[in-house]
Every structure is written in structure tokens, then in C-alpha cells.
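Contents: one structure, followed by commentary.
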Amino acid sequence: MTEIRNFCDKENRVLAKAAIGDAYMVGASLVGNGFQHENVPFFITAHAIDASRNIMIFGLSDERFSTYKNPMFKMTLKQMADVRWDSIRDFIEPEDYLNQFASALSQMQLKAVGEADLPSICGQNKEQAYRDFVSEYEAAFQRDASFGVETRANNILVRSFMRRYEGVAKSGALCTVVAGMDYNGIEYYSPASALSAINPLMGLMGSAIRNRQAEKSSDKLGKGTPCDGLDWGAKNKFLLVCPKEYEKDAFNDFMEFVQTFHMDKALRMRFYELRDQRIQMRLQETIRFQGMAQANMQSLMYNQQRLTQTLAQNSAAMSDMIMDSWNKKMASDSRISQARSEAIRGVNVYQNSYGQNVDVSVSADHVYEDRYGDVHGVSGNGLDQELLNRMDWKELNK
């Protein structure tokens, strides 16, 4: 039976959890040598490998990039020593982004043959995932409204989807590859400033997101009205690579992994804490630059801390809800599996006083345990209680 397993690194630190079968060897890595992006202090990778069938399942958390189109942003960035240049790249449409990910990790030329929704934790909680993503930017706009400049974000996309591919391994074997991700992206418009050039969560200015096209599942970021910049990436990315003959079983394993994969709670809290510290550092830099009042700074930091706590709680709640649902499903499946097994074997299972399970034919109308723990099935009428007392037997209930 598939159970929730810990995905640990070489130091045996638990980084993630997900459902995966015992046939798989599992492991994980923490990639945390500095911020991957201004808002991503670290990310994790997790893998599950069945060497006997050449099946690989892979998960990655928290990847984000920025694309700057405003020339003044680019000029300001060049003057800043600690900008993560590897997080600044040309915008890629979601489908192309997923295709590149699948091809790079599978090391194959792939042909997309199907697309569907991704039933990840974010995919199963679409509205909450959307609200959490939007709240990050709304908080940034509200913080930076105090600096007196308005910003607009009129195209947002939060979407969980997956694609199935066909490919040929170097060995010549036909393979199935399935890739999926919890994509998020936003276009923003803002007068250039020293802080807004870094990242919208650090310094875009305005009062609110005005046009939430993501509620209509807009799927064309970077294709509309010219904007100053975009943030885009994936909350989670997933990959399955398997030989064609194992596709059915491997896909079922992959789906269980996807539905339950999440970063360890303590690590996720640390993720938000580090990001909060980074945001507050940027606020301090800007406030010093603009000579803002200390009271204003304290208010901004308090609001940021509340947002950090809320996002951490929402992340934990979403994971807990899925885990609770999974555990109930496993318990139900276990009962169904046991009942099916008993029916096939023509027995009912009873437990004696020593905690041992004993099979008794379904033809038995009454089942008794003697003083030694042995179990006896009797068809027809039950034994008289006085007789049972003399024999020191007791009746067992299923």
C-alpha cells in the first residue's frame, strides 16, 4: 500500500513529503546557496527511482524569474551589486517553459501528445493558490503606495497543468514522459524607481491589482499591452520518465506523488521567514533613500510579518487538508482491500485476545476462542452460555 514517505537529503534532514511506493528509492536536495530569485531564498528537489523498471519521478519547488522590459529598470539593476542575474531572463510562455523542463531532464527529443489539469495540492486548491499569489503582490502595492507612485498589474495567471510526451531513450527504448507544474505569472506596469527595478514584491507602487484576468484563466502573458516587466515561474514542477511498457503503473505512482508532494512544514516556514527578511531589508534601503518616517517603516514591517504568517499558515493548511484526505482514503482502501481479500479466500478475519488475526470460514455462524487462544468456528446455533463458561470459551465478534 502506498504511504506518505519522508524525502531526506544526505544529512537525513526531512525536506519534503509525498506518497510513493516501497519499490522506489527516494531522496532530496536543498538548493540554497543564496537566493534563486529575490523572492526565493532556496528551493528543493525530490526524486523517487525504481531502478528495476527504469522509472524516475521528480519534483521541484519554488522557481521564479523576472523579465524587465523598461530600459530604466535595466539601468538601475546594473548599479546594484546583489541582484540575482541568473533569475533575470527572457519571458517564456507556460507551455514552452514546461516543454523545456521536460526535455532537459529526460534528455530526449519529445513529442507532446496530450494535456490535462494537474491534481497537485495547488491544483486541488485553485482558489486558495490564486489568492495567496495575488496577496503577495497586493501587499507589495499597498506597502509601496506609501511612496506615492501607482502601479498596475492587469494580467495574472495561476494555472496547474500537465502534458504527456512520447520519446525515445538513448538505448532505443520507447518512453513516456509526463511533466506538470503549478505555474504563476504576473505582468506589471510602474514608473521606474530604484526599488521597483529589483522586483515588484520589493518595490512596485500602487493601491491594488485592478484587473484580475487570471480569474478568467488568461493564458497569454507577455502578449498584450506593452508592460514594464513580468514575474513568472512555478510553485512546483513534476516529471515522470518511464519505459512505455510500465506507463500505466508508473503514471498511477506519479499521480499519487503529485497529489501529496509538499515541502516540510518547518522548512516552508523558514522559506517565508527568509523572504520576509529580504523584503524588510529592501524596505529599509528605500526608506533610508527617501527619508521616510520610522513609524511608517514599523507599520510596513508589521504588515509584511502578518502576510508571511498568513502565507505559511495557508500552505500548512492546504498540505494538512490533502494529507488528512489521503490518510482517510488509505484507511478506506485498506478496509476495501481486506474485505475483497476475505471474499476471494472465502474467510472472515477475527482477532484473538493475543492480537493475532485468524481466518475462519465464512460458513461459520459463530466463532469462539478457547483458553489457549485457539479459535473455533461453529455452524448453526450458538453454544449455550453455561457450556461456554464451563469450557472457558468466549465468543468473538468480527
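Counting from 4, one number per residue, gives the positions in the sequence shown under my numbering. No residue lacks a Cβ here, since even glycine has one placed at the ideal position from N, Cα and C.
Alpha carbon of residue i to alpha carbon of residue j, nearest angstrom
| i | j | result |
| --- | --- | --- |
| D222 | V361 | Any reading at D222 needs caution, since the residue's pLDDT is 44, under 50, leaving its predicted position unreliable; the model's value is listed next. Between D222 and V361, the C-alpha separation is close to 58 Å. |
| L207 | H40 | Because L207 carries a pLDDT of 36, less than 50, the predicted location of this residue cannot be relied on, and the following value inherits that uncertainty. For L207 and H40, the distance between alpha carbons rounds to 16 Å. |
| L243 | Y140 | 32 Å |
| R343 | D252 | Residue placement at R343 is flagged as unreliable, the pLDDT there being 44, under the threshold of 50; the coordinate-derived value follows with that caveat. If I take the Cα positions, the gap works out to 21 Å. |
| G385 | H369 | 6 Å |
| M402 | T263 | Past the edges of the chain, shown from 4 to 401, lies residue 402, and the structure says nothing about it. |
| V43 | Q283 | 14 Å |
| V352 | G24 | 26 Å |
| R278 | N400 | 57 Å |
| V363 | Q388 | 21 Å |
| Q112 | Y249 | 20 Å |
| V378 | F241 | 51 Å |
| N409 | I7 | Residue 409 lies beyond the range of the chain shown here (4 to 401); nothing can be said about it. |
| L270 | D323 | 15 Å |
| E169 | V181 | 9 Å |
| K397 | A22 | 41 Å |
| A172 | A156 | 43 Å |
| Y275 | L177 | 42 Å |
| T70 | F254 | 34 Å |
| L286 | A142 | 13 Å |
| K72 | N15 | 43 Å |
| M304 | Q280 | 10 Å |
| S382 | E372 | 15 Å |
| E288 | A49 | 36 Å |
| A197 | Y191 | Model confidence at A197 stands at a pLDDT of 40, short of 50, so the residue's coordinates are unreliable and nothing is read from them. |
| D120 | F164 | 4 Å |
| P246 | I58 | 7 Å |
| Q316 | M394 | 60 Å |
| R309 | V116 | 44 Å |
| S138 | G35 | 25 Å |
| T311 | K268 | 14 Å |
| A367 | G376 | 18 Å |
| R134 | F68 | 20 Å |
| L33 | K114 | 31 Å |
| T3 | F38 | Nothing can be reported for residue 3, as the shown portion of the chain is limited to 4 through 401. |
| D99 | S328 | 33 Å |
Distance between beta carbons of residue j and residue i, contact taken as under 8 Å
| i | j | result |
| --- | --- | --- |
| F45 | V29 | Incorrect: roughly 20 Å between the Cβ atoms, too far for contact. |
| F136 | N187 | 5 Å |
| M258 | P122 | 7 Å |
| A51 | I60 | 4 Å |
| R166 | T179 | The Cβ separation is near 11 Å, so there is no contact. |
| M266 | L18 | 7 Å |
| M321 | I124 | 5 Å |
| V261 | G183 | 6 Å |
| P97 | R162 | 7 Å |
| I47 | A31 | 6 Å |
Buried/exposed call for residue i, threshold 16 Cβ in 10 Å
| i | result |
| --- | --- |
| N239 | buried |
| G405 | Residue 405 is absent from the model: the chain starts at 4 and stops at 401. |
| F126 | As written in the sequence, residue 126 is Gly, which differs from the Phe given in the question. Its Cβ being crowded by 16 or more others within 10 Å, G126 is buried. |
| T5 | buried |
| S404 | Here the chain comprises residues numbered 4 to 401, so residue 404 is not present and cannot be evaluated. |
| G380 | buried |
| E118 | exposed |
| N158 | buried |
| K13 | exposed |
| D256 | buried |
| S318 | buried |
| K20 | buried |
| G236 | buried |
| A89 | One detail in the question is off: residue 89 reads as Asp in this sequence, not Ala. D89 is exposed by the Cβ-count criterion. |
| Q103 | exposed |
| D185 | buried |
| G307 | Correcting the residue identity first, residue 307 is Gln in this sequence and not Gly. With 16 or more Cβ atoms within 10 Å of its Cβ, Q307 is classed as buried. |
| D234 | buried |
Residue i CB to nearest heavy atom of the ligand FAD below 7 Å
| i | result |
| --- | --- |
| S123 | Absence of the ligand FAD is noted for the structure shown, with no ligands found whatsoever. |
Next on the checklist: At 4 residues or longer, what runs of the alpha helix (DSSP H) sit wholly inside the region 228-291?
Outcome noted: 250-263
Next on the checklist: Does the structure place the region 129-139 close enough to the region 89-109 that three or more beta carbon pairs sit under 8 Å?
Outcome noted: Result no; under three Cβ-Cβ pairs closer than 8 Å.
Item to check | Segment contact flag, the region 60-67 with the region 91-100, C-beta cutoff 8 Å, min 3 pairs | outcome: no
Checklist entry - If you scan the region 115-174 from start to end, which runs of the alpha helix (DSSP H) of 4 or more residues do you find wholly inside it? => result 124-127 and 129-148
Checklist entry - Residue ranges of each beta strand (DSSP E) run of no fewer than 3 residues wholly in the region 29-54, ordered along the chain? => result 46-53
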